[in-house]
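In my numbering, the protein residues as written are 562 to 786.
For every residue, glycine included, the Cβ atom is placed at its ideal position computed from N, Cα and C.
Just so we're clear, the structure is a prediction, and the values are computed from it rather than from any experiment.
Report on the structure given below.
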Amino acid sequence: MKTVPIITIDGPSGSGKGTLCKLLAERLGYHLLDSGALYRLVALAAEHHGVSPENELAVADIAGCLDVQFKTKGDDIQVVLEGEDVSLAIRTEACGMNASKVASLTLVRKALQERQRAFAELPGLVADGRDMGTVIFREAQVKVFLTASAQERADRRYKQLKNKGLDASLSDILMDIQQRDERDENRSIAPLKPADDALVIDCTQMTITDVEQKILTFIHNKGIL
Ligand code: DC
């Protein structure tokens with residue numbers, strides 16, 4: 562059986578992983594896994610069912626039988642949860658914060674493991690998340706850890722939300738990012754950290770094109786392209 566090439570891109574909120582993974586997946590013709598969207602969907606489904614993000618057993622149940630579809634709509638991906646289009650609802654800061662809470666629950670992470678691994682199909686996969694290279698796809702041939710200063714990430718997120726016509730406050734976003742970093746980096750299960758064999762890129766002062774080029778060179782040097 563042919564091995565599926567896997568590229569993992571991990572890093573904190575707002576480091577530009579999302580845009581970069583989309584670009585790389587398009588360029589290489591690979592599948593794309595946005596694992597953060599799964600945690601956001603679990604958080605939203607829990608809210609819809611009146612379940613607190615701290616209730617581990619109930620949230621894990623929801624994660625285990627998440628009824629979700631990802632539909633291609635032009636250049637975008639439409640996310641449908643239990644028949645409802647939640648593409649915008651899962652992108653709010655509040656949903657990101659609840660996602661970070663449910664993501665710290667061991668049973669929830671376990672419930673989502675196989676669903677994430679199932680994305681590894683030929684011709685290849687670009688996986689975006691926090692623990693793609695350290696837990697879910699430890700065997701990945703290419704691992705990248707993308708980071709940037711908290712201030713730069715807050716500025717980028719603010720512009721992103723404004724462009725989508727969503728309400729936003731820069732100081733609130735910076736505070737949220739710092740709180741989320743703290744929770745994601747210090748949780749006992751699958752904390753946010755670079756894999757030992759990851760290429761670490763601080764993109765505070767880099768353009769997305771520079772980052773993409775750097776990763777493409779890294780992939781090429783690994784003999785994948
Ligand atoms: O990448 P994102 O902002 O959409 O992720 C939302 C939250 O989900 C983030 O605060 C941490 C969590 N997450 C995680 O713990 N593990 C992943 N592989 C992806 C996201």
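Query	Result
Supposed contact pair GLN702 and ILE570 - C-beta distance, whole angstroms, cut 8 angstroms	ILE570 to GLN702, Cβ: 13 angstroms. No contact.
ALA598 CB to nearest heavy atom of the ligand DC below 8 angstroms	yes
One or two residues paired with ALA650 in a DSSP bridge	Its beta-bridge partners do not exist; DSSP assigns none.
ILE697 - containing beta strand (DSSP E), residue span	No beta strand (DSSP E) holds ILE697; DSSP gives it neither H nor E.
Reference PHE706, options SER749, ALA756 and GLN721, closest by Cα	ALA756
Coil, strand or helix - GLU587 by DSSP	helix
Stretch pair the segment 722–736 + the segment 653–663: three plus CB contacts closer than 8 angstroms	yes
Simplified DSSP state of ILE638, which is helix, strand or coil	strand
Cutoff 6 angstroms; reference LEU668; Cβ partners in own chain excluding five residues on either side	GLU617 and ALA621
Three CB pairs or more closer than 8 angstroms across the segment 764–782 and the segment 680–692	no
PHE631 versus VAL565: straight-line alpha-carbon distance, rounded	21 angstroms
Pair within 9 angstroms by beta-carbon distance, ARG748 and SER665	yes
Among LEU593, ASN782 and SER576, nearest to LEU683 - alpha-carbon criterion	LEU593
Supposed close pair THR778, SER710 - CB separation, criterion 8 angstroms	Going by Cβ atoms, the distance from THR778 to SER710 rounds to 24 angstroms, so no, they are not a contact pair.
Alpha carbon of GLU700 to alpha carbon of GLY694, nearest angstrom	8 angstroms
Any non-hydrogen atom of the ligand DC within 8 angstroms of SER574 CB	yes
Beta-carbon proximity of ALA751 to VAL663, cut-off 9 angstroms	no
Close beta carbons around LEU760, own chain, < 6 angstroms, minus the five adjacent residues each side	VAL705 and PHE779
First and last residue of the uninterrupted alpha helix (DSSP H) at LEU668	667–678
Own chain partners of ILE776 with C-beta closer than 7 angstroms, once the 5 adjacent residues on each side are dropped	LEU585 and VAL705
Neighbourhood of ILE738 by C-beta distance below 8 angstroms, restricted to the same chain and skipping five residues each side	PRO573, SER574, GLY575, ALA711, ARG714, ALA715 and ARG718
ALA624 versus GLN677: straight-line alpha-carbon distance, rounded	12 angstroms
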